[in-house]
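Trainee: Dumping the structure here so I can ask a few things about it.
There are 2 protein chains.
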Amino acid sequence: MDREEFDYFERLFHPESIAFIGINEGSLFYLQGPLVAGFKGRIYVVNPNRESILNFKCYKSVLDIPGDIDFVTVTVPAKYTPDVMRECVEKGVKTVHFFTSGFSETGTEEGKKLERELLKIARKGVTRIIGPNCMGIYCPESGLSFLPGFPRRPGPVAFIAQSGALTEQVIYTGRLRGVGFSKVVSYGNAIDLDNPDFLEYLSEDPKTRIISTYIEGTKNGRRLFETLREAVKKKPVIVWKGGQTERGAVAVSSHTGSLAGSGNIWRAALKQIGAIDIRDLEDLVDTYVVFLKNPPPRGRRGLIVSFSGGESVTETDKAVEMGLEIPLLSRETREKIERMVPAAGISTRNPLDIPSAFFRFANIAEVIKVAASEDNIDYVIFEMLDRFRSFAKRFRGYQWYINLRKSVKEAADYIKNELGKPFVMAILPAFSEHEAIFLRKFYSARGISVVPTMTRASKAIKRMIEYREFLERHGED
Amino acid sequence: MDREEFDYFERLFHPESIAFIGINEGSLFYLQGPLVAGFKGRIYVVNPNRESILNFKCYKSVLDIPGDIDFVTVTVPAKYTPDVMRECVEKGVKTVHFFTSGFSETGTEEGKKLERELLKIARKGVTRIIGPNCMGIYCPESGLSFLPGFPRRPGPVAFIAQSGALTEQVIYTGRLRGVGFSKVVSYGNAIDLDNPDFLEYLSEDPKTRIISTYIEGTKNGRRLFETLREAVKKKPVIVWKGGQTERGAVAVSSHTGSLAGSGNIWRAALKQIGAIDIRDLEDLVDTYVVFLKNPPPRGRRGLIVSFSGGESVTETDKAVEMGLEIPLLSRETREKIERMVPAAGISTRNPLDIPSAFFRFANIAEVIKVAASEDNIDYVIFEMLDRFRSFAKRFRGYQWYINLRKSVKEAADYIKNELGKPFVMAILPAFSEHEAIFLRKFYSARGISVVPTMTRASKAIKRMIEYREFLERHGED
Chain A
0 MDREEFDYFE RLFHPESIAF IGINEGSLFY LQGPLVAGFK GRIYVVNPNR ESILNFKCYK
60 SVLDIPGDID FVTVTVPAKY TPDVMRECVE KGVKTVHFFT SGFSETGTEE GKKLERELLK
120 IARKGVTRII GPNCMGIYCP ESGLSFLPGF PRRPGPVAFI AQSGALTEQV IYTGRLRGVG
180 FSKVVSYGNA IDLDNPDFLE YLSEDPKTRI ISTYIEGTKN GRRLFETLRE AVKKKPVIVW
240 KGGQTERGAV AVSSHTGSLA GSGNIWRAAL KQIGAIDIRD LEDLVDTYVV FLKNPPPRGR
300 RGLIVSFSGG ESVTETDKAV EMGLEIPLLS RETREKIERM VPAAGISTRN PLDIPSAFFR
360 FANIAEVIKV AASEDNIDYV IFEMLDRFRS FAKRFRGYQW YINLRKSVKE AADYIKNELG
420 KPFVMAILPA FSEHEAIFLR KFYSARGISV VPTMTRASKA IKRMIEYREF LERHGED
Chain B
0 MDREEFDYFE RLFHPESIAF IGINEGSLFY LQGPLVAGFK GRIYVVNPNR ESILNFKCYK
60 SVLDIPGDID FVTVTVPAKY TPDVMRECVE KGVKTVHFFT SGFSETGTEE GKKLERELLK
120 IARKGVTRII GPNCMGIYCP ESGLSFLPGF PRRPGPVAFI AQSGALTEQV IYTGRLRGVG
180 FSKVVSYGNA IDLDNPDFLE YLSEDPKTRI ISTYIEGTKN GRRLFETLRE AVKKKPVIVW
240 KGGQTERGAV AVSSHTGSLA GSGNIWRAAL KQIGAIDIRD LEDLVDTYVV FLKNPPPRGR
300 RGLIVSFSGG ESVTETDKAV EMGLEIPLLS RETREKIERM VPAAGISTRN PLDIPSAFFR
360 FANIAEVIKV AASEDNIDYV IFEMLDRFRS FAKRFRGYQW YINLRKSVKE AADYIKNELG
420 KPFVMAILPA FSEHEAIFLR KFYSARGISV VPTMTRASKA IKRMIEYREF LERHGED
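Here you go:
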C-alpha cells in the first residue's frame, strides 16, 4: 500500500468532517453515534424535508454544505442513491457509505443494476464507496461510531465483515470480555472498497495488533488470499468463514449476495497461509483474549490444573485430540509438590488435581509455579471455580479467599513474566454466575486471559502455537 | 432387577437411620448435609475421641448405637477401615459408604490389598459397599446429601460417576440451569456396588426420567454395556466417557485406578446401543435441558431464527455439518411472512433473519408460528438477544420489550404444544450478562429450554433426534 492510499484510509477512519444524508427518526442512531462517541470534527445533516434534526440545521443537498466533506453516510431509499452519489462526487466527498439496502443482496436485476450505476458514478470522481447494505465504520479513537452504545475506549483489535448485526455482536461481546477495538468495518456488498483493501491498510496500521474478519465470499479470491498471506506475516489474522457448506452458501446468497466457496478448500488455504481459522463468535473472542494477554507458547506441552479428577481426564482427552500434549511431570517435581501438599486424594502427574492444596492451604501459587517451571511445560491452563468464595465463607473465612485469589494472580504473573509461558484461566459459571463474572473481571483487569472452559482454553492456545510455528517455518524462507 | 434388590436400593436412597463414623471438623460437611437437606430419619455420630459433635452424642462404635442402621458414611483413615467394616457387618448395616481415600487409586499394593480386605469382610454379612474414595449419595427427596449446599428440591435427572468433584459440578451447574436431580451417586473405586448396579435400579426408578453417567472405566465391560442397552430402552441414558485417549487413560489411572478403554471402541459401542454420547459438562446440562422441556422432534429439519445474517450463515453451516437439515421455506410461507414484515434487509428463506420484525413490529410470534407450521420443519432454534431491553429503552419504550418477551413465549408454547415440535432458545451473553441471566431464568421458569448458543442448541437437538430414531428402529424388532 503506497503512502497516498495509506493516507486515504487514515483519513477515512479519522475524518475531519462528516455528513448524514437522508437521516430521519428511523436512522437517528447514525447521528447519535459520533455525538456519543466524542467525534471532534464537523457534523452535517442533509434532509430536504426537514428544517433541523437534533438541533442540526438540515441542508437540502450535500452541495450546500460549506467546506470539504470527508465521510458521508447515506440512508435514503435505494432508488434515490444514484442522485445522492452524483452530488457526493461533485462535492468531492472522499468516502460515501451506503446504509441503504435493496441492491444485489435481493437477487434482483434492478438491485444489481443500481450497484453498477453507483460505481460508474463514483469512477467519474475520487469518491470511494463503502457498502451498500452495511453499517459502516466504528473507530473509537476518532469518535466515528455507527451506533451510540459502543465503547469509547479504543483497543488493539480490528474486525471487518460484510455483516452488520454480526459486527455489533463482536463489538459488544468484546466489551464484555475486556477486548477493545482499533477499527471495525461492516462493508456489506462491497461494490468498491472490499475486504482486501481494509486488510492491507490494517496490516500497516500501528494501532491494530490483531486483525480479524468474517468473510462470506469475495469477488477476487486470489487478491484476498494474497492480501491475507502478506498480512499474516505482520500480525495475527483471524478468519471466520461463513458459507462453508452448500446449504450455508445458499444462506450467504440471501444475506450479502456473495458467492461462497467450499469449506474444505477455504480451510486448507487458510492453513497454508497461516491465518487463524475460527468458526464462531465465542472462538473469535477467546482467541482475542488469549493472544492479547500472553507471550507465545514455545511448544505444545501444557500443564492443566483442575479441581475435579473427572474434568482432568476429560480435558486431557480433548487436549490430546486437538494435537496438544499433556506431559507427565518429572519424579523430582512431583516429589517437590508432594512435600508441599498432603498426598491423599490428589494427583500430581499432570493434570494437577490438587483440591487439598486449595481447601487446606493457601500455597497454591507455589505449587503451580513449581509445576510450571518444568522445562517440558510450555503453557498452563488453570481452572478457577466460582464456588471458592462460598466455600471460604462456610469453612475458612473470607481472608482465606482473598489470599487464594491473590496467590493465583501471583502465580499467573510469575508464569507469564518470569517463565515467559502463557497462562489461561478457565471460569465456567457453575455455582454462582455473579461470582464467575466478578472473577473474570477481576483477573481480566489484571492482565490475565480468562475463557469460560478448559476446552476453549486449549483451543485458543492451540491457535497461538500454530501461528508461532507458522511464523518460525516462514521466518526461515 | 428383582423386587428384593429394588427394595434394597429404595432403602439405600431413603434410609431411616444413618451414622457417620470418624467425623471431625474436617469432614463435618457430611453431618451438615442431611441436617440442611431436611433428612427425617435418625442420625448418629461415631467418634471414640469426642463427647459430642454439633450436639450429637458421639458413640464409641457403631455397635453401641441402638436400633438398626441403614446407611453409614466412613471418614476414618484408610488403615482403620477394616475394623470399622467388621463392626458394620456385625451390626448388620445395609450400606457402608467410604469417603476415605488411599486405596487402589494410589497404585500401591497396600491400597489394593486393603480394598480386597474390605470386600472380604463385607461378604461375611449382608452389608454392601459404596466406594471407597468417593463422595457418596445425594437424594433430595429423602434429605440425604453429601454436602450442605445442594438444592433441596428434587428433579427428574439421575447422575452417577466415580468422581466426586465432578458430581458436585454437575449438581451445581444443573441448579444454575434449572435442572433438578432425583439421585446422584459418586461411587469412587466401586469395589462392590458399581455403575451397572445403580444403572439397573435407576432404569426402574419412577422418579428418574433421564439417566446420566460419567464413566472412566469398568471391571466388567460386558455387564456395563448390557445394562446400558436395557436402560436405553426405558429412558434416555447419557454417557460421558473419560479417558478416551491413551494419555487421558493415564490420567484415569491416577484418578480412580480404573482401566480406560479406547475412545473409538467406546463411542461406536455407545452409538450401537442408543446411549447419548457427550463429552463435557456443558454438553451434559444442555442435553438435560433440551430433553426435559421438549417433545421429541419428528425429523432432522430445523428452522433457525436469528438476528444477524452472519450467524444465520454460520449456524446453517454447523447444523448441516452435524447432519441436520435447514430446508428452504416454501414460496407460500415466504410470501405470507413478507406480507407481515417489510422485505428490506430481511431473509425469509430459512434461517429467518428478520430484525425488522423485531425492531419495528411486535408480531414476531406470528412470523415464527407461520414458519414453524410448515410440514418440512421439525424443530425451531431461536436466538434471543440480551440487548433487546437496552434497544427498547432507547428507541421503543419498555412496553415494546414486555410485548416482545411475551410474544416469544407464546410462539414457543404454540410450537411445542400445538405443533408438537421442539423449541430451543439460544441466549449468548454478549451485551449484558445480567440481562442474559434474567432472560434465561425468565424462559426456563416458563418451561422453555434455553442454551447459550445456537450451535449448542443444534447439538442437543441432534441428540434428541438420534435417540428417537434409535427407539423407532428398535421398536420394530
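Quick mapping for you: the protein sequence lines, in order, are chains A and B. Just so it is clear: in the first sequence, position 291 is 290 by numbering that gives the first Met the number 0, and no numbers are missing. Just so it is clear: in the second sequence, position 156 is 155 by numbering that gives the first Met the number 0, and no numbers are missing. Every residue gets a Cβ at the ideal spot worked out from N, C-alpha and C, and that includes glycine.
1. How many angstroms separate the CA atom of Val284 (chain B) from the CA atom of Ile237 (chain B)?
2. Could you tell me which uninterrupted beta strand (DSSP E) segments, each at least 3 residues in length, are contained entirely in the region 176-209 of chain B, listed from first to last along the chain?
3. Specify, as a first and last residue, the run of the beta strand (DSSP E) that Ile120 (chain A) falls within.
4. Is the number of C-beta pairs between the region 127-138 of chain A and the region 183-193 of chain A that are closer than 8 Å three or more?
5. Tell me the DSSP secondary structure of Gly262 (chain B) in three-state form.
6. Straight-line CA distance for Ile464 (chain A) to Tyr171 (chain A)?
7. Between Glu320 (chain A) and chain B, is the shortest Cβ-Cβ distance under 8 Å, so that the two count as touching?
8. Within the continuous beta strand (DSSP E) that includes Asp276 (chain A), where are the two ends?
9. Need the endpoints of the alpha helix (DSSP H) that Arg10 (chain B) sits in, please.
10. With DSSP run on the structure shown, which of helix, strand or coil describes Lys39 (chain A)?
11. If you count every other CB in all the chains shown that lies within 10 Å of the CB of Asp67 (chain B), and 16 or more means buried, which is it?
12. Report the option in A:Glu215, A:Val231, A:Gly216 whose CA atom is closest to the CA atom of Glu471 (chain A).
13. At least one CB of chain A closer than 8 Å to the CB of Asp193 (chain B): is that the case?
14. Given this structure, state the Cα-to-Cα distance separating Lys93 (chain A) from Thr126 (chain A), to the nearest angstrom.
15. I'd like to know if Phe306 (chain B) contacts chain A, where contact means its C-beta is closer than 8 Å to some C-beta of that chain.
16. If I follow the unbroken beta strand (DSSP E) through Gly135 (chain B), where does it start and stop?
17. Check Arg462 (chain B) in the structure and name its three-state DSSP category.
18. Only counting the same chain, and skipping five residues up and downstream in sequence, which positions put a Cβ closer than 6 Å to that of Ser103 (chain A)?
19. Looking only at its own chain, which residues have a Cβ that is under 8 Å from the Cβ of Gly179 (chain B), when we skip the five neighbours before and after it?
20. At the 8 Å Cβ level, is Gln271 (chain A) part of the contact set with chain B, yes or no?
21. For the region 165-183 of chain A, enumerate the residues whose C-beta is nearer than 7 Å to any C-beta of chain B, in chain order.
22. Does the Cβ-Cβ distance between Val45 (chain A) and Tyr29 (chain A) come in under 8 Å?
23. Which runs of the beta strand (DSSP E) spanning at least 3 residues fall entirely within the region 287-368 of chain A, listed in chain order?
24. Report the start-end ranges of each beta strand (DSSP E) in the region 50-115 of chain B that is 3 residues or longer and not cut off at the edges.
25. Enumerate in chain order the residues of its own chain whose CB-to-CB distance from Ala371 (chain B) is below 7 Å, with the five nearest sequence positions on each side excluded.
26. Please report the straight-line C-alpha distance between Asp63 (chain B) and Arg85 (chain B), rounded to a whole angstrom.
27. Does Gly242 (chain A) have its Cβ less than 8 Å from a Cβ in chain B?
28. So with Cβ pairs under 8 Å, would you call Gly247 (chain B) a contact of chain A?
29. Just checking, does the region 268-275 of chain B make contact with the region 306-326 of chain B on the three C-beta pairs under 8 Å criterion?
30. Per DSSP, what kind of secondary structure is Val450 (chain B) in: helix, strand or coil?
31. Starting from Tyr400 (chain B), trace the alpha helix (DSSP H) both ways and give me its first and last residue.
32. Tell me where the alpha helix (DSSP H) around Phe224 (chain A) begins and ends.
33. When you compare each of B:Leu118, B:Phe145, B:Pro147 to Asp193 (chain B) by their alpha carbons, which one comes out closest?
34. Can you give the beta carbon distance from Ser305 (chain B) to Glu382 (chain B), rounded, assuming they're within the 8 Å contact cut?
35. Helix, strand or coil: how does DSSP classify Ser211 (chain A) here?
Mentor: According to the structure shown:
1. The residue given as residue 284 (chain B) occupies position 285 in the second sequence. The residue given as residue 237 (chain B) occupies position 238 in the second sequence. Spanning the two alpha carbons is a distance of roughly 10 Å.
2. 180-185
3. Stepping through the first sequence from its first residue, residue 120 (chain A) is reached at position 121. Where Ile120 (chain A) is concerned, there is no enclosing beta strand (DSSP E), although the alpha helix (DSSP H) it sits in stretches over 108-121.
4. yes
5. Mapped onto the second sequence, residue 262 (chain B) falls at position 263. Three-state result, Gly262 (chain B): helix.
6. As a working mapping, residue 464 (chain A) is identified with position 465 in the first sequence. As a working mapping, residue 171 (chain A) is identified with position 172 in the first sequence. Each residue's Cα considered, the two are about 27 Å apart.
7. Taking the first sequence and counting its residues from 1, one reaches residue 320 (chain A) at position 321. With 8 Å as the cut-off, Glu320 (chain A) counts as an interface residue toward chain B.
8. On the first sequence, residue 276 (chain A) is found 277 positions in, with the first residue counted as 1. Here the beta strand (DSSP E) through Asp276 (chain A) covers 275-277.
9. Counted from its first residue, the second sequence places residue 10 (chain B) at position 11. Start and end: 2-12.
10. Counted from its first residue, the first sequence places residue 39 (chain A) at position 40. If DSSP states are grouped into helix, strand and coil, Lys39 (chain A) belongs with coil.
11. As a first step, residue 67 (chain B) is located in the second sequence; it is residue number 68 there, counting from the start. Per the 10 Å Cβ criterion, exposed.
12. Within the first sequence, numbered from 1, the residue matching residue 471 (chain A) stands at position 472. Nearest option by C-alpha distance: A:Val231.
13. Here residue 193 (chain B) corresponds to residue number 194 of the second sequence, with the count starting at 1. Not an interface residue.
14. Here residue 93 (chain A) corresponds to residue number 94 of the first sequence, with the count starting at 1. Here residue 126 (chain A) corresponds to residue number 127 of the first sequence, with the count starting at 1. Cα to Cα, the separation comes out at about 5 Å.
15. Here residue 306 (chain B) is taken as the residue at index 307 of the second sequence, counted from 1. Interface residue, yes.
16. Here residue 135 (chain B) is taken as the residue at index 136 of the second sequence, counted from 1. First-last of the beta strand (DSSP E) with Gly135 (chain B): 135-137.
17. Taking the first residue of the second sequence as 1, we reach residue 462 (chain B) at position 463. Residue state, collapsed to three classes: helix.
18. Here residue 103 (chain A) is taken as the residue at index 104 of the first sequence, counted from 1. For Ser103 (chain A), where only same-chain residues beyond five positions count, the Cβ hits under 6 Å are Gly110, Lys111, Glu114, Asn188, Gly256.
19. Position 180 of the second sequence, counted from the first residue, corresponds to residue 179 (chain B). Taken in chain order, the residues that qualify are Pro139, Pro150, Arg152, Pro153, Gly154, Pro155, Val156, Gly173.
20. What you label residue 271 (chain A) is simply residue 272 of the first sequence in a count that begins at 1. With 8 Å as the cut-off, Gln271 (chain A) does not count as an interface residue toward chain B.
21. Leu165, Gln168, Tyr171, Thr172, Leu175
22. Your numbering for residue 45 (chain A) matches position 46 in the first sequence. Your numbering for residue 29 (chain A) matches position 30 in the first sequence. No, they are not a contact pair.
23. 301-305
24. 55-58, 70-73, 94-97
25. In the second sequence, counting from the first residue as 1, residue 371 (chain B) sits at position 372. Answer for Ala371 (chain B): Leu302, Val379, Ile414, Leu418, Lys420, listed in chain order.
26. Your numbering for residue 63 (chain B) matches position 64 in the second sequence. Your numbering for residue 85 (chain B) matches position 86 in the second sequence. So the two alpha carbons sit approximately 14 Å from each other.
27. Start at 1 with the first residue of the first sequence, and residue 242 (chain A) comes out as number 243. Yes, its Cβ sits closer than 8 Å to a Cβ of chain B.
28. Locating residue 247 (chain B) in the second sequence gives position 248, where the first residue counts as 1. Yes, because at least one Cβ of chain A sits closer than 8 Å to the Cβ of Gly247 (chain B).
29. no
30. Along the second sequence, one-based indexing puts residue 450 (chain B) at 451. Three-state result, Val450 (chain B): strand.
31. Within the second sequence, the letter at position 401 stands for residue 400 (chain B). Residues 397-412.
32. Walking along the first sequence from the start, residue 224 (chain A) turns up at place 225. Here the alpha helix (DSSP H) through Phe224 (chain A) covers 220-233.
33. Locating residue 193 (chain B) in the second sequence gives position 194, where the first residue counts as 1. That would be B:Leu118, whose Cα lies nearest to the Cα of Asp193 (chain B).
34. The sequence position of residue 305 (chain B) within the second sequence is 306, counting from 1. The sequence position of residue 382 (chain B) within the second sequence is 383, counting from 1. Correct: roughly 5 Å between the Cβ atoms.
35. Taking the first sequence and counting its residues from 1, one reaches residue 211 (chain A) at position 212. Strand at Ser211 (chain A).
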